Structure formats: C-alpha cells, structure tokens
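The structure appears right after this line, and notes come after that.
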Amino acid sequence: MFDATVFKEQFPLFKQPENRALVYLDNAATTQKPAVVIDAVADFYRTSNANAHRSSHRLARAATAVIEGARARARNFLGTSSAREIVFCRGATEALNLLASSLCQSLQAGDEIVLTAVEHHANLVPWQMMAARYGLVLRFVPGALGIPDFSCIDEVISDRTRVVSVTGASNALGLRSDLAAVRNAISGKEIVFVVDGAQLAAHDDIDVQALGCDFLACSAHKFYGPSGIGLLYGKLERLETLPPWQGGGEMIRSAGLYDADYAGPPHRFEPGTSSLAAIAGLGVAFTFLAQVDRQAMREHEQKLVEQMHKGLGQIEGVRLLTVPQNNLGIATFTPAGDWSAADLCLWLDQRDIAVRAGHHCAQPLHTLASVQTSVRASVAGYNSAQDIERFVAAVAEFVAEQEAAIPPNRAGTTIA
Ligand code: PMP
1 MFDATVFKEQ
11 FPLFKQPENR
21 ALVYLDNAAT
31 TQKPAVVIDA
41 VADFYRTSNA
51 NAHRSSHRLA
61 RAATAVIEGA
71 RARARNFLGT
81 SSAREIVFCR
91 GATEALNLLA
101 SSLCQSLQAG
111 DEIVLTAVEH
121 HANLVPWQMM
131 AARYGLVLRF
141 VPGALGIPDF
151 SCIDEVISDR
161 TRVVSVTGAS
171 NALGLRSDLA
181 AVRNAISGKE
191 IVFVVDGAQL
201 AAHDDIDVQA
211 LGCDFLACSA
221 HKFYGPSGIG
231 LLYGKLERLE
241 TLPPWQGGGE
251 MIRSAGLYDA
261 DYAGPPHRFE
271 PGTSSLAAIA
281 GLGVAFTFLA
291 QVDRQAMREH
301 EQKLVEQMHK
311 GLGQIEGVRL
321 LTVPQNNLGI
331 ATFTPAGDWS
341 AADLCLWLDQ
351 RDIAVRAGHH
361 CAQPLHTLAS
371 VQTSVRASVA
381 GYNSAQDIER
391 FVAAVAEFVA
401 EQEAAIPPNR
411 AGTTIA
C-alpha cells in the first residue's frame, strides 16, 4: 500500500509557502529529503558530535555507534554478507574513482574494460583516465544508437576482459540494464563485475548477492538521503586484495616513516574524517525506505512514467527518446521543431515546474542519438498524476506557442 500524498507530507521542502505549487521532476538529479533525514543530520551535531573511530570518550563512542549503525543498515539495504563490505565515500562518483584507481593498478597494458555507451560520466571518465595511464582498452556493449543490447555482450567479452562496469539504469533514459545477462556472460570467468547503482537505489530493491556483482556504487542524495555521502559495496575477498586509493588517518594498522601497513576493509578505504553527520542521515534514509512499501511505490511511479509518455507522445513537436517499458521513472525528449530544450526548462521554471535540460552527464549517448541536449523529467514517490498533468499541459502550451511564433514559411520544418 502506497499513498503518494501521505509520502509527500514527510518532505518539509514541499510545505514551504513558496514550494506549495512546485512540481519537482528533477529527481534523477537529486531527490528531496524527508524530515527524519534532515533531523538526523542536525541531531548528530546536537547530540553525538565527536570524531568517530578515534577517541574513547562517551561522545566519540556515540559517534562511532551512529556510523557503524548506518553501515549495518546499508548492509541490510543491499543484502551484503558483511557490514565490512560497505565503504562510505562521497558518492557514486567517488566510489567509481576509488574503484577504477585501485583496481586498474594490477592490470596490464592491453587488458580490456567493458562499459556501455549510456554510462553516466562518473562510470566512464574514471575508466578512460585509467585506460590512458595503463594502456587499457575500453570496449562498449553493442547496440543501436548507443543503447546496449545485452544479448550481444559476448561480442565484447574476450580473454583480455578484466572488468565489466555497467549502470543499473541509465540516468538519461531511465532504462534498466539487463544485469542478469551480464552476470551470465561473465560467470566462471575472472572478470570483475561492477554496477553503478546510482539511479537504482531510489526505485528498485537491490540484492548484491542475487545480482552477483563484485562492486556496486551509489549516492545517498538520489534516494532521499543527504548529499555528499554514498557508498561502495565490495565483495569482501575483492576488497581485501584491493590497494587503498587515498592515504591518511585511520586507514592503517601501523605506520613508519617510510611505509605503512594498511587496515583491512572498510577502513582501508575511508582515510580521514568522513562526513559523519551525512552518514547519520544516510542511516536514517535506509530506515525511512525500509518503512515504505517499495513494490507499491514502484507501481505508482510506473503509472506516472506511462502517463508522461502518453501525454508527451501526443504533442507534435516533441520527440521522445525514452519508452515507458522497463523504465524506472524518466521521460526524456528533444525538440522536433524550432524550439530549444533550455528555453522550455526556463519557461517551465516560471510555472514552478522543475525539470532538467542538457546532456545529463551522458554526452556520448546524446552524440550517438545525434542530439546535443534533451529535456529530462524524472519522478519520485511524492509525485502525483496531477503533477504530470500540469507538466504535460505546460509542455504542450510552450510548444504550441513556439510553433505559432514561427514565420509561416518555416512552420513545419523539423531540425535534427
Ligand atoms: N551514475 C549515475 C547513473 C548517476 O545518475 C549519477 C548522478 N547523476 C552518478 C553516477 C554520479 O553520482 P554523484 O554525482 O552523486 O556522485
């Protein structure tokens, strides 16, 4: 059972007088935060503030308990076999940089890394950087217009493949990846399987053991948690052999002047003082989500995605790049007429409707689709059918206005 109105009640931002009429459809960029998460961040400073894992006084013990409590909840959320498999970091971007930098140290020139063309730059650029540094080869799952066809993944798996790193769902298209096909294609091979779970976590239940992945990255701010915090899940045996990425305090067993003996996971990968209050908020975000009927919320979001596609599909002058099937909550479109994505976003903003225009940090995908920018509307549990109605009607009104403004001899032309 899921009631979007009751769910929305928990988000203070929507209660601010200036936000009462807001239609927030930029959830793939970041979600809003429920009061319990905001309170957990403030309460950490009010009641438990001290550095964690260091001193032994009462407050320090309380801070450590908050951090380790959040780690235990992350373990439940992702179904990991041990809390030591959860490494806190700034977000999916940092998780993937950590992983690429550490993992690629042991690779040889000519070794191959398989990605897809729909990857967010966070799961593309770090591998490009490592490929340049170590002479590695990047290969991409084949597919029309860059959209991966996982039934063809075997074509890019070779005896030089060392890593396959794919997004759980495209942040530009909402399309879920066929992770089971990836798992089957690499099963029994010595290939590290990495999932960018940044978009999945808000919508889907994640069970890393069922997925069969070695690593998974996500960011709290995309699933109702605070910004600036996220995590990297890593299979314990993988983490144990992975070199640290950054050096600093609390990641060593012992340090001498010339070398150090590193701590085991997860602390080996968490040097320095973490964003402790944000971790407190992240822990509560897990509890918050655990209390939601996620299946019912997914069904609600699925209806909204269908409604968006149906409505936008009826507007001449809009070219949809997405389909509602297997889509976790995104409609993306480009002008099929003489108007600009950025102008539409400004226009919608003036009507208190928040969406995003741009390439959504998935520029190669846009290049392959021969478009520079697109408009992306992305839903969360607190969106309603009325939100989508207002959004679709506003897009229709804007497009009609633009068409009417075009001189008669140019009306009807389509730009690519
Ligand atoms: N991967 C995907 C699929 C994303 O959508 C994002 C955020 N847009 C990221 C990675 C990076 O996340 P963050 O900016 O929180 O590090």
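Going by the UniProt record's numbering, the sequence shown opens with residue 1, and the numbers climb by one from there.
The C-beta atom is built at its ideal place from N, Cα and C for all residues, glycine as well.
These numbers were taken from a predicted model, which means no experiment stands behind them.
At a Cβ-Cβ threshold of 8 angstroms, Phe88 and Ser274 count as neighbours.
Distances between the C-beta of Asp196 and the heavy atoms of ligand 1 include at least one below 7 angstroms.
Straight-line measurement puts the Cα of Ile279 at about 9 angstroms from the Cα of Gly225. Counted as a single uninterrupted DSSP element, the beta strand (DSSP E) harbouring Ile86 occupies residues 86-89. For Asn327, the secondary structure class from DSSP, reduced to helix, strand or coil, is strand. Between ligand 1 and the CB of Gln105, the shortest heavy atom gap is not smaller than 7 angstroms. For Ala62, same chain residues with a beta-carbon under 6 angstroms away, outside a window of 5 residues either side, are Ser48 in chain order. In the DSSP assignment, the residues bridged to Val195 are Val166, Leu216. Counting every other CB atom within 10 Å of its CB across the protein chains shown gives Cys345 a total of 16 or more, marking it as buried.
The three-state secondary structure of Val371, taken from DSSP, is coil. According to the DSSP assignment, Phe140 belongs to the beta strand (DSSP E) that extends over 137-140.
For Tyr134, the enclosing alpha helix (DSSP H) has its first and last residue at 125-134.
Proximity to Val182 across Leu175, Gly174, Val195 peaks at Val195, based on C-alpha coordinates. Between Glu112 and Leu136 a beta carbon distance of about 7 angstroms is seen, short of the 8 angstroms cut, so the two are scored as contacting. Cβ atoms of Leu173 and Thr322 come within 8 angstroms of each other, at about 5 angstroms. Inter-residue distance for Asp39 and Gly212 is about 35 angstroms (C-alpha atoms, whole angstroms).
A heavy atom of ligand 1 is found nearer than 7 angstroms to the CB of Cys361. CA-to-CA, the gap between Lys15 and Asp43 works out to about 21 angstroms.
When DSSP reads this structure, Thr334 sits in a beta bridge with Arg319. For Gly174, the distance from the CB to the nearest heavy atom of ligand 1 is not below 7 angstroms. Nearest neighbour of Pro243 by Cα position, chosen from Gln291, Gly234, Lys222, Ser102, turns out to be Ser102.
Straight across, the Cα-Cα distance linking Arg133 with Ser151 is about 31 angstroms. Arg253 carries a strand assignment under DSSP once its states are collapsed to helix, strand and coil. Counting only residues of its own chain and dropping the five nearest sequence neighbours on each side, Tyr24 has a CB closer than 6 angstroms to the CB of Ala354. By the neighbour-count criterion, in which 16 or more other beta carbons inside 10 Å mark a residue as buried, Ser187 falls on the exposed side. Under the criterion of beta carbons closer than 8 angstroms, Ala92 and Gly230 qualify as touching, at roughly 5 angstroms.
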